[in-house]
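Protein chains in written order, with the numbering used here: chain A, 1 to 343; chain B, 1001 to 1343; chain C, 2001 to 2343; chain D, 3001 to 3343.
Where is the CB? At the ideal position from N, CA and C, for every residue including glycine.
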């Protein structure tokens, strides 16, 4: 059994990690920390976990965490970078669900995240945990930077086009729609039921932290310059991301559908839908699947890709478990195979 | 492996059965019928099942169904009663998720359901599939009448009081709130997003088919006359039933909390919350659990029970799988142990 | 023109007052206070009011408020009682949308609201602003205690029965369902979209502040002792209260429907639906109407009343405007006549 | 008083017309037709209109309609074109809320709408009812083609850029999100609460009828070729359209914000938000306003416009009333001035 620790388990990615790990038969949840809730049973906060997770939250204790085989950070940005080094030295594998190790360019990271990075050297060693791109490296990694939710949906949608040099990478558009859980469990007016309900809006049009992460990922797939316009939207649903991606074809593409099907043929968690499909976010609710449909519009030479994930699963906790499976040489799908919840 | 057939699999209880059975490692889904969708892959209708259920819908064929070990009817009322006899004769176990075999009083059934019953003799043999009451009989049953959603939540909530003769059974009130999926997947104006969304209403105040079912169940637990006022409400959520139950105490009850905890101590799917709790329906979303809290109001001698289930799971497909597990001597919780989805 | 001031205008009752008063052709909104948002245009917080309310929030200034004809308190409990005396002395009419002046029994008030009352003498002078009961007194009042949302829906539903001595007042049950806006605009985890959405729960079963208010109101309508069991529920909609009321008939009631129709025949804002109706909350969304349906269940001698309001209108700001109209001898319906928003 | 008739009043645009016209003090609703509901009071179907609209639905009767001053068609496509000629001959003004008179190119209309056009000559005479473009013509018109919902939000958002030749009109993208009411009140599985709720999807990526309408409107504002990629999405809210518009700037634009403010300075129903704003759809819920924010992204030379309307008001019934006001020389804002409903 893999002994797992979770640092910062009171948010939505934390509870989702608990849900998934409690159903994973190779994992024992050894410790889950929360300063604010230390001493309180996890199931007091999350009654869905009654009978599934019986330990209480505890104060973060590096000594206990060092005894784990793997530690997940489900913390705000800036926490994992202060604790990772000591855990790695103790031989613990670390998966950070926040952004501390996602951007290779430290200056850019510091600019977008507004703080000084505590361990630039570890950033260099960290592997970006998108298995569909970095599977081999993840298997060998001791430190994985789990991708953001928008970046996961957007990169998986764009990659077949960019890897094959089929589109103008200077005019990409990603119009993304997120459920409210993407904003976390903090008590903010903007995400109250009566503020976010029955309404829809764009946000952060002038710039969002996931933009450099997406750009970095797409840049690694091409020699061309990536220029992406990224507009996120807050939409009145709990879970789900729908990325609508626009790319201008360089020339006629023979068979886009086949291209996508072949690119993801061996991927257990990317499902290319039949031609002319429109995936809905609920078709992946609670599951680790990314569903993709690709449409070509010959009239205006535009390729439109629709890519949906559950932001808390393939966009966070599920992908973290997928990465853990790879890092421990378990079957990649362990604990992640249940069908999505619909309706 | 148990070879399972599903008759009428296009509704919400059908897809939920498929979701649960596809994750049950002792079951193979052999056939799923639908006249309207025959020939179409199940996953065309329900993309969440892509990769989980690979067979197409087929025309109902009694020959194929007779080769199953168990057949679930996820059909409208009045279908199972026309096909059950032949299946039972062939040695197939039958679980009807509709109401054909729930009411022992044929006249009452015919009155509420507006049709003649096709096989009153089978009604007598059928076991009412509420494991918390009839576990031993279900184990021996060949034909199980799977309870309704309101009746499950309401009976589990009231039973400890009534079995122990603690309350006035002549003045019971069940004020029940249901998610919209309880109304099924039929194309009706009343359950459109813009009709049922952001609004709430009572319905069927003058009489609902689940009233005689609840009354029958409670009557078996007491020698007293049961008189229940039952008012269902349609509420703007997808899944979930919240039963708020009111019963007047005959006398001071020493320790209600202990009574409930003891009654359900060995039940894998009834979870009595700590004193002064208020279960929310999402704490059981996608799970087979019934969560119950009991409150006593000494001021007015009233006992208030809060009982929540997922109407499609413990209120339908999950309870059907629980019954199947019992009928085939499998561990009762097989395929039903995952934590609820929250948020 | 009536010069109106609003103290504490950043919550949902505040913005609703602004919406209604901005459409009232006899009212000029002179001042709206908020310590936290002083200096900021109202429409920065509430863009729906751009072009309708052009003044900024300002610090509460008793000098400015004294120059108003009427001051509304849309503040938390405990604020109005510290400012009302000075305004009343200056001849200003005061309408408190919070609870400071609702309960005549000061001890009971202090017990439920957990603070000492600042001006018990004013409580005695205040008129409880339920026009369907106290219209004449409201016309003469200088200080009106605007009723709570649950109390409005519940009293209007029960009153015809109790005024006429038709039911056992010792066993009343009010099972009430509220939209989330009833919990206000404060940043609390419990009312986040992902906590309150797609779920339903009871709360405060052991006791809610609106219970003594309802009991006081019903007690004034009868010589009998009122004993009410009141259970509020949080439901996933923005606006709306649905009160489901249960009362046991003392004897056969000749014509309940007629009784209700006659009781409210002259009421502009109480609409008794035809027999066998089920009002939905959206039928009163944004309007000041209370819609009521009454059902008798001869089988068990139970009378069931369904009563719906928009908690922010007839349950708060709309009723406050109705009271203002009465206090200033305007037509009672001024500014309140638009049809509800549906869908 | 203007005597108004409504043909086909049972859908969402019909009830919205009734809501708005019932609050318009210059209009009397003389007749509202529905074959299916003839004889039934309007308020049976729409209880929000009890006390506001007291007439019943009636069979369409050209004789009665000819006596109206104005007739609104809130019918499916293809109805108005069969009745308009006779009404126009009788001197009645006609406003079609469907698409019969929107496209000037008859062949294109016939291709997109899949039927033969009954009166191409009237199409030539019809005025496209977007007051911000065609105000003078609308004042003189006898037949107005009321714009579609997506076209209204999209054209108002793009027009200042295109009228001034600031962007590359060959690479426009409109990513639009609609509430479910845009799909109408028909009983379809796809718009059930449990299908469209808590989920989001694109639809009609291969082509939507509103594309030629938008293209036609934008083409009239420029000599350049318009090439627009338009992707509509179904989102889990009742009302609202959010258009996110992408256009590539030809060169640096001095002051986009000022450009938009000046373009719409005199428009009563277009509200340009301050720089760096993000309008939410609820800020226009129930109101006839289009709220617009414009963002320039110098990094990638992209201009992003956010444009929101209530699809049933400025996107349908409200704009129809605005057009009626113009056609009858009433103040343009009559009956349309109330603030939006928020929350």
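Go ahead and label residue i buried or exposed: buried means 16 or more other beta carbons lie within 10 angstroms of its beta carbon, across all protein chains shown.
i	result
residue 225 of chain A	exposed
residue 1265 of chain B	exposed
residue 1035 of chain B	exposed
residue 3107 of chain D	exposed
residue 3309 of chain D	buried
residue 3235 of chain D	buried
residue 344 of chain A	Given a span of 1 to 343 for chain A in the structure shown, any question on residue 344 of chain A remains unanswerable.
residue 2191 of chain C	buried
residue 1274 of chain B	exposed
residue 1155 of chain B	buried
residue 1251 of chain B	exposed
residue 2115 of chain C	exposed
Comparing C-alpha positions only, which one of the options sits nearest to residue i?
i	options	result
residue 2001 of chain C	C:2119, C:2263, C:2028, C:2122	C:2028
residue 3016 of chain D	D:3311, D:3342, D:3327	D:3311
residue 3030 of chain D	D:3036, D:3018, D:3040, D:3329	D:3018
residue 2300 of chain C	B:1198, B:1171, B:1219	B:1171
residue 123 of chain A	A:220, A:132, A:145	A:145
residue 3032 of chain D	D:3023, D:3058, D:3024, D:3020	D:3058
residue 3319 of chain D	D:3334, D:3306, D:3305, D:3307	D:3334
residue 37 of chain A	A:7, A:50, A:26	A:7
residue 2220 of chain C	C:2306, C:2169, C:2200	C:2169
residue 1053 of chain B	B:1154, B:1041, B:1188, B:1210	B:1041
residue 3142 of chain D	D:3134, D:3125, D:3154	D:3125
residue 3067 of chain D	D:3297, D:3089, D:3076, D:3050	D:3089
residue 2039 of chain C	C:2165, C:2056, C:2083	C:2056
residue 3098 of chain D	D:3128, D:3121, D:3111, D:3092	D:3128
residue 1121 of chain B	B:1113, B:1084, B:1023, B:1149	B:1084
residue 2323 of chain C	C:2131, C:2293, C:2003, C:2343	C:2131
residue 153 of chain A	A:314, A:343, A:342, A:336	A:314
residue 2109 of chain C	C:2210, C:2270, C:2050, C:2305	C:2210
Mind reading off the beta-carbon distance from residue i to residue j? Whole number of angstroms is fine, and I expect it under 8 Å.
i	j	result
residue 2151 of chain C	residue 2214 of chain C	5 Å
residue 193 of chain A	residue 2196 of chain C	4 Å
residue 3087 of chain D	residue 3064 of chain D	Not a contact, Cβ separation roughly 11 Å.
residue 50 of chain A	residue 1271 of chain B	6 Å
residue 3188 of chain D	residue 1339 of chain B	At roughly 34 Å, the Cβ-Cβ gap does not stay under 8 Å, so residue 3188 of chain D and residue 1339 of chain B are not in contact.
* Asked: So does the segment 2176-2191 of chain C actually touch the segment 2224-2244 of chain C, counting three or more Cβ pairs closer than 8 Å?
  -> yes
* Is there contact here, the segment 275-289 of chain A with the segment 101-110 of chain A, by at least three beta-carbon pairs under 8 Å? -> no
* Asked: Three or more C-beta pairs closer than 8 Å, one from the segment 1180-1195 of chain B and one from the segment 1008-1026 of chain B: is that the case here?
  -> yes
* **Segment contact flag, the segment 1244-1257 of chain B with the segment 1158-1170 of chain B, C-beta cutoff 8 Å, min 3 pairs** => yes
* To do: May I ask you to verify whether the segment 3130-3150 of chain D touches the segment 3314-3333 of chain D, counting CB pairs closer than 8 Å and requiring at least 3?
  => yes
* **Complete beta strand (DSSP E) runs within the segment 3042-3077 of chain D (minimum length 3 residues, chain order)** => 3070-3073
* Segments of 3+ residues assigned as beta strand (DSSP E) that fall wholly inside the segment 231-291 of chain A -> 241-248, 270-272
* Just list the beta strand (DSSP E) runs in the segment 3147-3185 of chain D, keeping only unbroken ones of 3 residues or longer that don't cross its boundaries, in chain order. => 3172-3178
* Asked: For the 8 Å Cβ check, are there 3 or more pairs between the segment 268-283 of chain A and the segment 1039-1052 of chain B?
  -> yes
* Kindly provide the ranges of any alpha helix (DSSP H) runs that are 4 or more residues long and lie completely inside the segment 2103-2145 of chain C, ordered along the chain. => 2106-2113, 2120-2125, 2131-2140
* To do: Only counting runs of 3 or more residues, tell me where the beta strand (DSSP E) segments fall wholly within the segment 292-326 of chain A, in order along the chain.
  => 302-309
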